[in-house]
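Inspection log for the structure reproduced underneath, given as structure tokens.
Numbering (the UniProt record's numbering), first residue to last: 1 to 487.
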């Protein structure tokens with residue numbers, strides 16, 4: 001993100017007991033941020049109306065402070081460009097030249113996240129109603145199970161030192177045992193514990209991919225909402241999909257490095273499930289053409305009516321598949337525990353790189369998760385959780401029919417967390433996102449998952465309770481109607 005694209009956020013409240021006038025307090029805090037280098041030259045301030053709302057101040061107070069800053073040359077304005085930090089006036093006020101930190105920011109390997117995703121990350125925990133959050137609702141969290149696991153882990157605790165490069169052996173062993181129920185025959189030596197699936201993808205990127213490698217995925221994909229492959233300048237190419245899944249045969253022959261990323265079971269964000277026959281055909285194709293596949297299984301355990309087909313890894317006879325798992329969707333994202341299953345040479349390479357970056361995932365989280373997975377109550381919890389998810393999905397579909405039945409279309413997911421909602425072309429989803437956020441309602445616009453999804457929204461029935469979901473959708477319907485009435 002360039003400096004000119006940066007919109008400043010002012011997290012400050014005036015001291016109403018101070019003898020210093022409020023407008024002068026605002027002037028002072030702005031100058032302090034500029035002096036500290038927090039607000040780089042060219043960064044844009046929110047509008048006076050937005051500042052007044054955010055700070056709970058009169059527009060006249062905001063206007064007076066802005067006038068002082070403009071007159072002193074601290075800020076500048078340009079038609080259509082808003083109010084921005086001036087190019088050089090403020091540095092002369094403090095008689096020193098600040099470090100140009102923006103130069104270092106621009107030189108870094110990671111580019112800025114999508115602005116919409118930055119906004120989601122910044123306001124998600126403060127939002128009153130989270131209609132798209134890919135987390136378990138607090139009321140569904142298995143508190144007793146987790147407390148029992150933590151007690152068991154601490155009762156056996158002798159230290160919290162670093163663990164083996166591939167992770168805690170008993171955890172890898174219980175994961176290998178559980179994967180066998182899905183037809184994946186593996187051993188603890190083929191498992192690497194990571195700090196969530198996101199780190200798994202990062203390790204693959206920096207350890208295995210060549211510069212400008214081609215990554216095939218679906219037209220809208222969770223992977224496209226991330227910047228995780230940017231370090232190798234990976235080139236995304238979309239594959240069309242049909243009712244059975246992605247059409248792998250559109251992968252072009254090439255001598256250049258390429259791989260396929262896919263969520264075959266309850267895709268994020270569309271919820272689609274790849275058919276059993278498509279999985280068989282894909283694995284045959286991958287073996288014949290030596291195509292590596294990253295299989296993301298985050299939602300595999302969360303079916304609502306019928307158990308989905310076997311994972312691609314269960315059909316993998318030639319070691320083509322790196323299988324990514326996580327506890328984030330079925331239990332606790334805050335534990336930050338995921339895993340990769342693959343050929344031993346690859347796992348050892350990834351483990352070596354992981355040790356160079358963080359020296360292992362949380363020892364305590366690994367001990368606790370081992371206790372959870374060894375507890376027979378975990379499978380009982382999963383059954384209960386799936387029942388609750390189905391109830392919430394059915395309720396969500398009913399509410400959508402009542403409130404948006406004539407305004408939108410959507411999918412009916414068979415598992416996972418998400419409903420993929422499509423709005424008319426005449427509705428601006430970005431404007432809807434902004435308007436909803438002002439009311440404390442958070443959405444995930446489809447555009448963050450792919451440029452071709454500008455009229456879609458990812459909704460989640462997993463986080464908000466039924467009453468909150470109903471209220472949120474009713475408010476969303478009003479905002480959509482308000483947009484359409486102005487056309």
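Positions of the beta carbon are idealized from the N, C-alpha and C atoms, including for glycine.
Here the structure is a predicted model, which is why all the values come from computation and not from measurement.
Item                                                                                                                                                              : Value
Rounded to whole angstroms, what's the CA-CA distance from residue 8 to residue 119? Just pull it up for me.                                                      : 12 Å
Please name the residue or residues paired with residue 194 in a DSSP beta bridge.                                                                                : 338
Within the region 169-256, note down every full beta strand (DSSP E) run reaching 3 residues or more, in order along the chain.                                   : 191-194, 214-217, 235-238
Using a Cβ-Cβ cutoff of less than 7 Å, which residues in the same chain neighbour residue 92 once the five nearest sequence positions on both sides are dropped?  : Because the pLDDT at residue 92 is just 44, under 50, the model does not fix this residue reliably, and the point stays unresolved.
Look at the Cβ atom of residue 418, then the Cβ atom of residue 459, and state whether they are nearer than 8 Å.                                                  : yes
With C-beta atoms as the reference, is residue 216 less than 8 Å away from residue 251?                                                                           : yes
Tell me which residues share the same chain as residue 225 and place their Cβ nearer than 8 Å to its Cβ, disregarding the 5 neighbours each side in the sequence. : 114, 117, 448, 449
Can the beta-carbon of residue 232 be found closer than 8 Å to that of residue 213?                                                                               : yes
Buried or exposed for residue 123, going by 16 or more other Cβ atoms inside 10 Å?                                                                                : exposed
Is residue 262 close to chain C? Criterion is C-beta to C-beta, closer than 8 Å.                                                                                  : Here there is only one protein chain, and chain C is not present.
Exposed or buried, which one is residue 329 when buried takes at least 16 other CB atoms within 10 Å?                                                             : buried
Hey, would you say residue 440 sits closer than 8 Å to residue 129, going by beta carbons?                                                                        : yes
When the Cα atoms are used, what is the spatial distance from residue 89 to residue 121?                                                                          : Legend: pLDDT at residue 89 = 49, less than 50; position of this residue unreliable, value from coordinates given subsequently. So the alpha carbons of these two residues sit roughly 33 Å apart.
Nearest to residue 235 by CA position, among 248, 484, 84, 260, is which residue?                                                                                 : 260
Keeping to the same chain, check which residues put their C-beta closer than 7 Å to that of residue 19; ignore five residues upstream and five downstream.        : none
Taking the CB atoms as reference points, tell me whether residue 361 and residue 193 lie closer together than 8 Å.                                                : yes
Residue 315 and residue 283 - do their beta-carbons sit closer together than 8 Å?                                                                                 : yes
Grab the span of the beta strand (DSSP E) containing residue 82 for me, first residue to last.                                                                    : 82-85
Less than 8 Å between the C-beta atoms of residue 266 and residue 134, yes or no?                                                                                 : no
Taking just the CA atoms, how far does residue 43 sit from residue 477?                                                                                           : 35 Å
If contacts are defined as beta-carbon pairs under 8 Å, then residue 322 and residue 294 qualify, I think. What distance do you get, rounded to the angstrom?     : 5 Å
Should residue 197 and residue 69 be called a contact, given that it needs their Cβ atoms to be closer than 8 Å?                                                  : no
Under 7 Å Cβ to Cβ from residue 48, same chain only, skipping five residues before and after it: list those, please.                                              : 59, 62, 63, 66
In angstroms with no decimal places, state the Cα-to-Cα distance between residue 203 and residue 14.                                                              : 45 Å
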